[in-house]
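Participant: Take this structure first; my questions come after.
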Amino acid sequence: MASKGFDATSLPGFTAIAAIAFIALYAPIITLVGYSFNGANSISSWGGFSFRWYEAAWANATVQEATIRSLVIAASASLIATTAATMAALGTTRRGSFGGQTFIYVMINQPLMVPEIVTAVALLIVFASVKVATGYTGLGYLILAHAAFCIPFAYLPIRARLEGMDLSLETAAADLYANPWQTFRHVTLPLVLPGIIAGAMLAFVISLDDVVITEFVKSAGQDTLPTYMLGQLRRGVTPEVNAISTVLLGLTVLLLTVFFLLTRKRD
Amino acid sequence: MTETIAVEARNAIKAFGQGDVAVRALDDVSVQIRKGEFFTLLGPSGCGKTTLLRLIAGFETPTSGSILLDGKDITSDPPNRRPVNTVFQSYALFPHLTVAQNVSFGLQMQGRPKAEVTATTDRMLALVRLEAMAGRKTSQLSGGQQQRVALARALAPQPKVLLLDEPLSALDLKLRKEMQTELKRLQTETGITFIFVTHDQEEALTMSDRIGVMSAGKILQIGGPRDIYTRPANRFVASFIGETNFLPGTLRDGRVILASGGSIEVAATLRNAGNVTVAVRPEQVRIVPATEPDALPATITDLVYFGTDTHCHMALADGSEVVARLQSSVSGEAGLERGGRVGLRFAPGAAQVLGE
């Protein structure tokens, strides 16, 4: 396409800068993945290829518990966030324009702008008093907190999908005797579903690797995989952390690939 | 009389925007559309024809005035409670459903029994000759086939009125001709009232029982194709539908004294109205020898060959242009040529006097 006119590759140092940027991005990750297969106890000196740290992590009861806890929180939080985000997206795209529209849009995306540490401290204070008042100390706090900061990540792809939809389809449904609920159920929802799934995946991934808010909100014995790993680093690092990281990385890449496939396809 | 009226608009006004910037897309429109007729709303883009259609469908609410269906006021009914279906310009077929599911959508939303839904869907697919495509996704169909699915989908619930919003505009010429015949056949077979919106005058003339010509939010004239063509109510209608020669003059005692000199006899019933315009269709202009008495003298400025017809452009004494459409065989034999001096006559009753 850029056969004539401006071509960025002709700028001085283009190739070198691109190479440095990619090395900076991927070298640490490649090192991390490489050492997860280390046979030795070190994360910096190679002792032959081995799966021993994967086996160790797999057999570690604390890791198992943290993994299950992480998955439960991510699944519940992304479900709640996606439902709320779908309603918010409908509320901001399927109605006449109203005063304060931009303000509402900013409000929905608040977690993208407020520093996470601020949200974490705020939640810590609120939940502390709720805990005292109700005596409940379960996973509910973590699920609620995760759902809250996942909403914008679910909202954006769903909104994009709704905005890209041909509005005459919903008009046609109404013309063909569908009441508003039937129109949503039989036309809007099936057509926006790829956006909803994509939003849910993104929310799941965001919840899965959260550290800051989780660290502040969790009660004793409520470590998720990332906070467990953070705790391990304080003691003395073994390639077990690399192994867990690699699995987490694999899962995230998989989910995000599905996300990109779903949001890219236009039909 | 009222039971023969399917749809009526009473003093319908639709304004978009507010206050000083408000634009009247529909400006006090009243029209009665008869049961079982093929009614066309014809006009240039932005004339309000689609807005009127959307008011009847229920997609818009009039700013004032009312819409009646079978004599019942439906102005405030939502589209899903109106026994009226639409064929959209973009077809608006549901991309996630098959052809058969698209066609049965309306019936299912109405909660018709399953057996009836299946039977009607099959019948509709047969009506538009798409039985073989029932299981396909709509994206796998050609433009003409999608058009027929849209028709079948809108006809399946047996609406009282079918609204068609420029449904043929996306098709190529040959397919458009086929679909014109197809639409007319479907309308005759189903007996459903069709309200068809188009900017294509030929489409309107060939298919309609009656035409409403619209401009700037108003209906200027309603009548049969022949009425509209031969007796246009004003200059806009005359120029929008077909080609017309306009000749300025003054009306006096049943004759129009043309500005170019000479005069034409017109209907004697017309009152003396001072300055008028006479409209004459090109095919009503006769070319006679310049020597003939009472003929308007003219000079041929150009001859344009169109196959069966030849258009003969002529200048009158004051330089105003008149076009005559002649059969090519006739013009060839008459020995017409550029620069030739000829006389003009108009066929009896061909000259229409238009108010300014």
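From first to last, the protein sequence lines stand for chains A and B. Under the numbering used here, the first residue of the first sequence is numbered 222, with each subsequent residue one higher. Under the numbering used here, the first residue of the second sequence is numbered 12, with each subsequent residue one higher. Yeah, the Cβ is synthetic: ideal placement off N, Cα and C, and Gly gets one too.
Please state whether the Cβ-Cβ distance between B/Q212 and B/G253 is less than 8 Å.
Facilitator: Taking the first residue of the second sequence as 1, we reach residue 212 of chain B at position 201. Taking the first residue of the second sequence as 1, we reach residue 253 of chain B at position 242. It is a contact, given that the beta carbons lie within the stated cut-off.
Participant: Sort A/L383, A/F227 and A/D228 by Cα distance to A/R316 and report the nearest one.
Facilitator: Position 95 of the first sequence, counted from the first residue, corresponds to residue 316 of chain A. For A/R316, the nearest C-alpha among the options comes from A/L383.
Participant: Taking only three categories from DSSP, how would you classify B/M12?
Facilitator: As a first step, residue 12 of chain B is located in the second sequence; it is residue number 1 there, counting from the start. Residue confidence for B/M12 is low, a pLDDT of 46 falling below 50, so the modelled location carries little weight; the figure read from the coordinates is stated next. In the structure shown, B/M12 sits in coil (DSSP, three-state: anything other than H, G, I, E or B).
Participant: Taking the alpha-carbon positions, what's the B/R140 to B/A111 distance?
Facilitator: Start at 1 with the first residue of the second sequence, and residue 140 of chain B comes out as number 129. Start at 1 with the first residue of the second sequence, and residue 111 of chain B comes out as number 100. If you take the alpha carbons of B/R140 and B/A111, they lie about 12 Å apart.
Participant: With a CB to CB cut of under 8 Å and the five nearest residues on each side skipped, what residues in its chain are close to B/V299?
Facilitator: By 1-based counting over the second sequence, the position of residue 299 of chain B is 288. If we look at B/V299 and ignore the five residues flanking it on each side, its Cβ neighbours are A306, V353, G354, L355 and R356.
Participant: For B/G28, would you say it is in contact with chain A, using Cβ-to-Cβ distances shorter than 8 Å as the test?
Facilitator: To locate residue 28 of chain B, count along the second sequence from 1; it is residue 17. Not closer than 8 Å to any Cβ of chain A, the Cβ of B/G28 fails to qualify, so no.
Participant: Measuring only between beta-carbons, confirm whether A/D228 sits less than 8 Å from chain B.
Facilitator: As a working mapping, residue 228 of chain A is identified with position 7 in the first sequence. No - not a single Cβ of chain B is within 8 Å of the one on A/D228.
Participant: Assuming B/V114 and B/R164 make a contact with CB atoms under 8 Å, what is their CB distance in whole Å?
Facilitator: Start at 1 with the first residue of the second sequence, and residue 114 of chain B comes out as number 103. Start at 1 with the first residue of the second sequence, and residue 164 of chain B comes out as number 153. About 5 Å; that satisfies the 8 Å criterion.
Participant: Is the Cβ of B/L63 closer than 8 Å to any Cβ of chain A?
Facilitator: Residue 63 of chain B sits at position 52 when you count from the first residue of the second sequence. No, no contact with chain A.
Participant: If we cut at 8 Å on Cβ distances, does A/T489 have a partner in chain B?
Facilitator: This structure leaves residue 489 of chain A out entirely; chain A is present only between 222 and 488.
Participant: How long is the line joining the alpha carbons of A/A223 and A/T230, rounded to whole angstroms?
Facilitator: Locating residue 223 of chain A in the first sequence gives position 2, counting from the first residue. Locating residue 230 of chain A in the first sequence gives position 9, counting from the first residue. At A/A223 the pLDDT is 48, less than 50, meaning the model places this residue with poor confidence; the figure from the coordinates comes in the next sentence. Going from the Cα of A/A223 to the Cα of A/T230 covers about 10 Å.
Participant: Exposed or buried, A/M334, counting other C-beta atoms within 10 Å across all chains shown (16 or more means buried)?
Facilitator: Residue numbering aside, residue 334 of chain A sits at position 113 when the first sequence is read from its first letter. The residue in question, A/M334, is exposed, as its Cβ has fewer than 16 Cβ neighbours within 10 Å.
Participant: Do the stretch 353 to 370 of chain A and the stretch 425 to 442 of chain A make contact, defined as three or more Cβ pairs closer than 8 Å?
Facilitator: Yes, the stretch 353 to 370 of chain A touches the stretch 425 to 442 of chain A.
Participant: At 3 residues or longer, and completely inside the stretch 157 to 214 of chain B: list those beta strand (DSSP E) runs for me, N to C.
Facilitator: 172 to 176 and 204 to 209
Participant: Show which residues of chain B have a CB atom less than 7 Å away from the CB atom of A/V408.
Facilitator: Stepping through the first sequence from its first residue, residue 408 of chain A is reached at position 187. Neighbours of A/V408 on chain B, chain order: F105.
Participant: Ignore the nearest five residues each way along the sequence and tell me which others in A/S200's own chain have a CB closer than 7 Å to its CB.
Facilitator: With chain A represented from 222 up to 488, any question about residue 200 of chain A goes unanswered, as that position is not in the structure.
Participant: Sorted by chain position, which residues of the same chain lie with C-beta nearer than 6 Å to B/A309's C-beta, five sequence neighbours on each side aside?
Facilitator: On the second sequence, position 298 is the one that residue 309 of chain B refers to. Answer for B/A309: M325, L327, V353 and L355, listed in chain order.
Participant: What number of angstroms, rounded off, separates the C-alpha of B/D329 from the C-alpha of B/G272?
Facilitator: Counting from 1 along the second sequence, the entry for residue 329 of chain B is found at position 318. Counting from 1 along the second sequence, the entry for residue 272 of chain B is found at position 261. Approximately 8 Å between the Cα atoms of the pair.
Participant: Could you tell me which residues DSSP pairs with A/E276 in its beta bridges?
Facilitator: On the first sequence, position 55 is the one that residue 276 of chain A refers to. None, per the DSSP bridge assignment.
Participant: Among A/N463, A/L412 and A/V479, which residue has its Cα nearest to the Cα of A/T419?
Facilitator: Taking the first residue of the first sequence as position 1, residue 419 of chain A is located at position 198. It should be pointed out that residue 419 of chain A corresponds to Ala in this sequence rather than to Thr. The candidate whose alpha carbon is nearest that of A/A419 is A/V479.
Participant: From the DSSP secondary-structure annotation, give me the bridge partner or partners of B/M225.
Facilitator: For this step, residue 225 of chain B is matched to residue 214 along the second sequence. Partner residues in the beta bridge of B/M225, as assigned by DSSP, are B/I230.
Participant: The beta strand (DSSP E) that contains B/L80, what's its start and end?
Facilitator: Position 69 of the second sequence holds residue 80 of chain B. Note, B/L80: beta strand (DSSP E), S75 to L80.
Participant: Residues of chain A with CB under 7 Å from B/M120, in chain order?
Facilitator: Your numbering for residue 120 of chain B matches position 109 in the second sequence. Chain A residues near B/M120: L397, Y398, A399 and Q403.
Participant: Answer with yes or no whether the minimum CB distance from B/N91 to chain A is below 8 Å.
Facilitator: In the second sequence, counting from the first residue as 1, residue 91 of chain B sits at position 80. Chain A contact via Cβ: present.
Participant: Below 8 Å on the Cβ atoms is my contact criterion, and I expect B/Q158 with B/L138 to pass it. Report the Cβ-Cβ distance as a whole number of Å.
Facilitator: As a position in the second sequence, residue 158 of chain B is number 147, starting the count at 1. As a position in the second sequence, residue 138 of chain B is number 127, starting the count at 1. Actually they do not touch by this definition, with Cβ atoms about 14 Å apart.
Participant: Could you tell me whether the Cβ atoms of A/T409 and A/A395 are closer together than 8 Å?
Facilitator: Within the first sequence, numbered from 1, the residue matching residue 409 of chain A stands at position 188. Within the first sequence, numbered from 1, the residue matching residue 395 of chain A stands at position 174. Contact: no.
Participant: Name the chain B residues that come within less than 8 Å of A/P415, Cβ to Cβ?
Facilitator: Start at 1 with the first residue of the first sequence, and residue 415 of chain A comes out as number 194. What A/P415 touches in chain B: nothing, since even the nearest Cβ is about 10 Å away.
Participant: Mind checking the stretch 314 to 346 of chain A against chain B and listing, in chain order, the residues whose C-beta falls within less than 7 Å of any C-beta there?
Facilitator: Of all residues in the stretch 314 to 346 of chain A, none places a beta-carbon less than 7 Å from a beta-carbon of chain B.
Participant: What does A/L412 touch in chain B if you count any residue whose Cβ is under 9 Å from its own?
Facilitator: For the purposes of this step, residue 412 of chain A is taken as the residue at position 191 of the first sequence. F105, P106 and H107, listed in chain order.
Participant: Extract the residue ranges of the alpha helix (DSSP H) inside the stretch 249 to 293 of chain A, only unbroken runs of 4 or more that lie entirely within it.
Facilitator: Secondary structure within the stretch 249 to 293 of chain A: the alpha helix (DSSP H) runs of 4 or more consecutive residues, fully enclosed, are 273 to 280 (chain order).
Participant: Report the rounded CA-to-CA distance for B/D81 versus B/V18, giving the unit in angstroms.
Facilitator: Against the second sequence, residue 81 of chain B aligns to sequence position 70. Against the second sequence, residue 18 of chain B aligns to sequence position 7. Taking the straight line joining both Cα atoms gives about 6 Å.
Participant: If you check the beta carbons only, do B/F70 and B/P55 fall under 8 Å apart?
Facilitator: Within the second sequence, residue 70 of chain B is the residue found at index 59, counting from 1. Within the second sequence, residue 55 of chain B is the residue found at index 44, counting from 1. Contact: no.
Participant: List the residues of chain A that B/F357 touches, going by C-beta distances under 9 Å, in chain order.
Facilitator: Translated into the one-based positions of the second sequence, residue 357 of chain B becomes position 346. Simply none; closest approach about 48 Å.
Participant: Tell me which residues of the stretch 197 to 227 of chain B have at least one Cβ-Cβ distance to chain A shorter than 7 Å, keeping chain order.
Facilitator: Listed by position along the chain: nothing, the set is empty.
Participant: Cβ closer than 8 Å: which chain D residues qualify as neighbours of B/A17?
Facilitator: In summary, chain D is missing from the structure at hand, where the protein chains are A and B.
Participant: Using 8 Å for Cβ pairs, my map puts A/L414 next to A/L390. What's the rounded Cβ distance?
Facilitator: The sequence position of residue 414 of chain A within the first sequence is 193, counting from 1. The sequence position of residue 390 of chain A within the first sequence is 169, counting from 1. Wrong, their Cβ atoms sit about 14 Å apart, outside the cutoff.
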